[in-house]
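I have placed the structure first, in the form of structure tokens, so that the comments after it can refer back to it.
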RNA sequence: GGCCCGUUCGUCUAGCGGUUUAGGACAUCUCCCUUUCACGGAGAAGAUCACGGGUUCGAAUCCCGUACGGGUCACCA
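In our numbering, the protein residues as written are 176 to 688.
Take a look at the structure:
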């Protein structure tokens, strides 16, 4: 497999929306594939029909699409390749019939066996073990000798049971005492004694394979060269590795990624955290059709896909240089599995916002202007003239992390102040103030309403009346904008124009008397 | 609890035996710019590299133990 084309896969189960941890796993897979000129496939692992959630698969495809990490093959790649690719179907429920023969070869070579124990019987055994002080009963090389399976039952009994249709599962036969070793691309050598891994179910009684079997068989069939997945799979990796050996297949490379942790450090980030933690955990909004609640997504929160992806990439990976702001293409060329860290990473929303700010500044002016105008229209209905909008964008974008910040910071460009900042009123507004702005209003009316001449005019007034900027500036700003914050007041006046400025001054004179 | 994985500033991390008075970024604070707010610039504070033993002339870097954290123990993925 050393010389073959790199092929990786992201294989989520459609049990709900994909959360940011899942997106990161997909991202690392994608980056690795693209870095090596390989393929990134999306396979849906829907062998557990009881946990199937309507709309989840579409959500996964949409979310990856938004991030710009669309699959080259499989689900979501139907527009690129017929049926998603030559290894179709890519939905495990549709591959149901593929697994049988593989299970049979294992049974034939006595590496797997049939087990007739009912779920009820099993839970009773577990319960009894629990009472006896064993909290972790396992179906393994020792206990299987006293269970109802094809190893303990006679051949005719087994045939009889099969004939009458008694449900059974197929379990893998784990060796009694063997070191199972494999090399992990991020952790180095990992070794587990087979004693500690149980006789996992390979084929369920409903005829569908479990993840363990399906994942190994499909990865083989789909020619996957590198299995890159979350650390939660590390404990079952020895089983998967053993399965490759049992089938006599060359093992793919494995890489187990560190988990995304909650900001408080207590456990991994999970779907259930929803918005409880004060930030979205999903890439896109997700409507839960049962509860009719919406969990918020990064896209709708105003994040750029590029910023979101950049931020995710740095949660557990670092190029080893001081560069932090990366485009997708830059991530691809810099990505190396060896630079993935081993420890879990706590998510930090502040840093996420910072990444977005960086990407906002990287945006082509044209695109940013378009986004600004669109959001402006959507939120307030204002449709300003393009050149005018360009100026206001220039004025306000420095202080924004998101496009929506530009809108909220610049509302007074569109609407006369509804109220005046109380602190400034108390501090700066006095009996002289009305005279100042009344005079300014008439002086301004005799000049061009451009920031330059307005400012000149203002300064002339200051020197001729021996006034300081501090006495008059804030008062003017208060009257025009209602607040003391923001960019140059002369630029603001230029943008809102003479009529509006004079109206605001008059209004302030009335309301602040 | 068993097994597995991990542990460098509050957070993400650089570091892969000597170039380290442990570097960067976010957050925090100070100053400058702006008589505003941000942006920007300069700077400060912040990590005895979890702890204890080794190995070595020399360890954040290698080994062992302990502690702590996380993951996982289903006919779920």
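Glycine included, each C-beta is placed from N, C-alpha and C at the ideal position.
All figures in this text were calculated on a predicted structure; none of them were measured in a lab.
Secondary structure note for residue 241: its alpha helix (DSSP H) is the uninterrupted segment 231–242. Per DSSP, reduced to three states, the secondary structure at residue 428 is strand.
If you draw a straight line from the Cα of residue 443 to the Cα of residue 407, it is about 10 Å long. As summarised for the segment 606–633, the continuous alpha helix (DSSP H) elements at least 4 residues long and confined to that stretch are 608–619, given in chain order. With a contact defined as Cβ atoms closer than 8 Å, residue 440 and residue 458 miss out at about 23 Å. Boundaries of the beta strand (DSSP E) harbouring residue 288: 287–290, taken from the DSSP string.
CA-CA distance, residue 538 to residue 412, rounds to 42 Å. The segment 466–528 is shown to contain whole alpha helix (DSSP H) runs of 4 or more residues at 480–488, 503–509, in chain order. Here residue 461 is bridged, per DSSP, to 470.
Going by DSSP, residue 602 is part of the alpha helix (DSSP H) stretching over 597–603. Residue 207 places its beta carbon less than 8 Å from that of residue 403. Just measuring C-alpha positions, the residue of 354, 275, 318, 255 sitting nearest residue 292 is 318. Your pair residue 216 and residue 247 checks out as a contact, with CB atoms roughly 7 Å apart and the cut at 8 Å.
Shown here for residue 688: same chain residues with a beta carbon closer than 8 Å to its own, the five before and five after excluded, namely 609 in chain order. At a Cβ-Cβ threshold of 8 Å, residue 342 and residue 298 do not count as neighbours. Taking C-alpha positions only, residue 265 is separated from residue 592 by approximately 58 Å. Counting the other CB atoms within 10 Å of its CB gives residue 660 a total below 16, which places it among the exposed residues. Inter-segment contact for the segment 668–685 and the segment 616–626 is present: three or more beta-carbon pairs are separated by less than 8 Å.
Pairing residue 183 with residue 230 gives a Cβ-Cβ distance that is not under 8 Å. Per DSSP, reduced to three states, the secondary structure at residue 363 is strand. Residue burial annotation: residue 685 is exposed, with fewer than 16 other C-beta atoms found within 10 angstroms of its C-beta. Contact between the segment 231–240 and the segment 282–291 is absent: fewer than three C-beta pairs spanning the two stretches fall below 8 Å.
For residue 180, the CB contacts under 6 Å within the same chain, skipping 5 residues up- and downstream, are 213 in chain order. Membership of residue 383 in any beta strand (DSSP E) is not indicated, and neither H nor E is assigned to it by DSSP. By the CB criterion at 8 Å, residue 383 and residue 190 fall outside the cutoff. Beta-bridge annotation (DSSP): residue 324 is paired with 290.
It is roughly 7 Å from the alpha-carbon of residue 620 to the alpha-carbon of residue 673. Residue 320 sits exposed, since fewer than 16 C-beta atoms from the chains shown fall within 10 Å of its C-beta.
For residue 681, there is no enclosing beta strand (DSSP E); the residue is found in the alpha helix (DSSP H) stretching over 664–686. Counting of Cβ neighbours within 10 angstroms places residue 192 among the buried residues, the total reaching 16 or more. Around the beta carbon of residue 498, fewer than 16 other beta carbons lie within 10 angstroms, which makes this residue exposed.
In terms of Cβ geometry, residue 482 and residue 578 do not form a close pair [threshold 8 Å]. By the neighbour-count criterion, in which 16 or more other beta carbons inside 10 Å mark a residue as buried, residue 633 falls on the buried side. Counting other Cβ atoms within 10 Å of its Cβ, residue 524 stays below 16 and is therefore classed as exposed. Considering only 397, 417, 395, 405, the residue with the shortest C-alpha distance to residue 354 is 417. Counting C-beta pairs closer than 8 Å gives fewer than three between the segment 635–650 and the segment 578–587, which falls short of the contact rule.
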